[in-house]
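Below is one structure; the comments refer to it alone.
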RNA sequence: GCGUCGGUGGUAGAGUGGUCAAUUACAACAGACUGUAAAUCUGUCGGCCUUAGGCCUACGAAGGUUCGAAUCCUUCCCGACGCA
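Numbering (the working numbering), first residue to last: 273 to 561.
Right under this line is the structure:
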């Protein structure tokens, strides 16, 4: 039996992934599953560049607004939900289109990585955060010497997570991958540097525009009112912590680079220059496969 | 016009006779990823030579002092402030 096709549209931020996904979905009877680590949260709209109802053009979108900003959403939750959605969409005889820029989330689905089921332990994290990298490394060494050998000793976030997993499960399990039952067709969008910069500037300008639902600063104010701490806001990324126009532009461009560093490793991605591409070319490519 | 302070690498800003191609931060470039991912972390960052190392060009400009100058002196140019 032929494997069911799942289309994946990924790439740098501000390259027009969402728009393309909607147009493709209309042509091939698809539904869209977002792959964005922040758009899963309710009330993070302007800063995350979340698609609006109008822009969806009637195409169903999934995995947007599925979590409260107070809750720490994780990849493994994402994977579970996304896999359910894929199944559901296929059972309705439609084509799932995964669309987003969070490389880790995309890989979680398309590479079948199985994550240990250890939810964040905020109490433990709070204690560990006070320790130095060296102390944390020594702790991990005692708990799980194998993991300590490959971990980045300077990366506090990872050290804490590794300790968290090791404490819960005895040790950090070896990463395992399951063969997927789907055939993923990965389409990557990128923009030449100068064009990307222009697009980002435009987008950020809009973010700060008060006519855009009160603007980003208003969105942050509202989040604070619901009890979101500054620390939590920081975790939502640079748009949410003391943002200025200049800072958001620079940080967005840096982020776009990190995205490419991640995506470059995946040789299955077929890349298209978003400034030159026509929908027809992409549809042709999809039919070939 | 007089006086004071200042002009340092893409930017900000240390250094104030040798250990200075110049602390640091930011930007830039490259990369990592056991999963908090728009997060977090690493490397490079004047040019040339394959690394150790070496050579060249550089701290506003031109001269000078000195074995040796980003650092001291002179003149000039530019900026800020004060007095006119």
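The beta-carbon is built from N, C-alpha and C at its ideal position, and this holds for glycine as well.
Option nearest residue 389 by Cα separation, candidates 489, 479, 287 and 434: 434
Those residues which DSSP pairs with residue 425 across a bridge: Its beta-bridge partners do not exist; DSSP assigns none.
Helix, strand or coil at residue 390 according to DSSP, with G and I counted as helix: coil
Candidates 417, 321 and 449: closest to residue 256 by CA position: Outside the displayed span of the chain (273 to 561) sits residue 256, for which this structure offers no information.
Nearest candidate by alpha-carbon position, reference residue 520, set 511, 345 and 527: 511
Distance between beta carbons of residue 277 and residue 457, contact taken as under 8 Å: 6 Å
6 Å Cβ shell around residue 283 - same chain, five flanking residues per side excluded: 289, 460, 461 and 462
The region 289 to 303 touching the region 329 to 339, judged by at least three CB pairs closer than 8 Å: yes
Reduced DSSP secondary structure (H/G/I, E/B, other) of residue 547: coil
Candidates 445, 382 and 470, of which the one nearest residue 455 by Cα: 382
Environment of residue 361 [buried if 16+ CB atoms lie within 10 Å]: buried
Residue 363, enclosing alpha helix (DSSP H) - first and last residue: 347 to 363
Cross-strand partners of residue 274 (DSSP beta bridge): DSSP output for residue 274 lists no bridge partner at all.
Opposing strand residues paired with residue 334 [DSSP bridges]: 305
Reduced DSSP secondary structure (H/G/I, E/B, other) of residue 541: coil
Within 9 Å, strictly: CB atoms of residue 285 and residue 453: no
Proximity of residue 386 and residue 280 at Cβ, strictly below 9 Å: no
Beta-bridge pairing of residue 283 - partner residues as DSSP gives them: 461
Endpoints, the alpha helix (DSSP H) within which residue 492 is located: 487 to 497
Close Cβ partners of residue 310 (< 7 Å) along its chain, the five nearest in sequence each way excluded: 316, 320, 508 and 509
Pair within 9 Å by beta-carbon distance, residue 432 and residue 397: yes
For residue 437 and residue 412, the rounded distance between their alpha carbons: 10 Å
7 Å Cβ shell around residue 527 - same chain, five flanking residues per side excluded: 285
Residue of 499, 373 and 544 minimising C-alpha distance to residue 343: 499
Residue 337 versus residue 308: straight-line alpha-carbon distance, rounded: 11 Å
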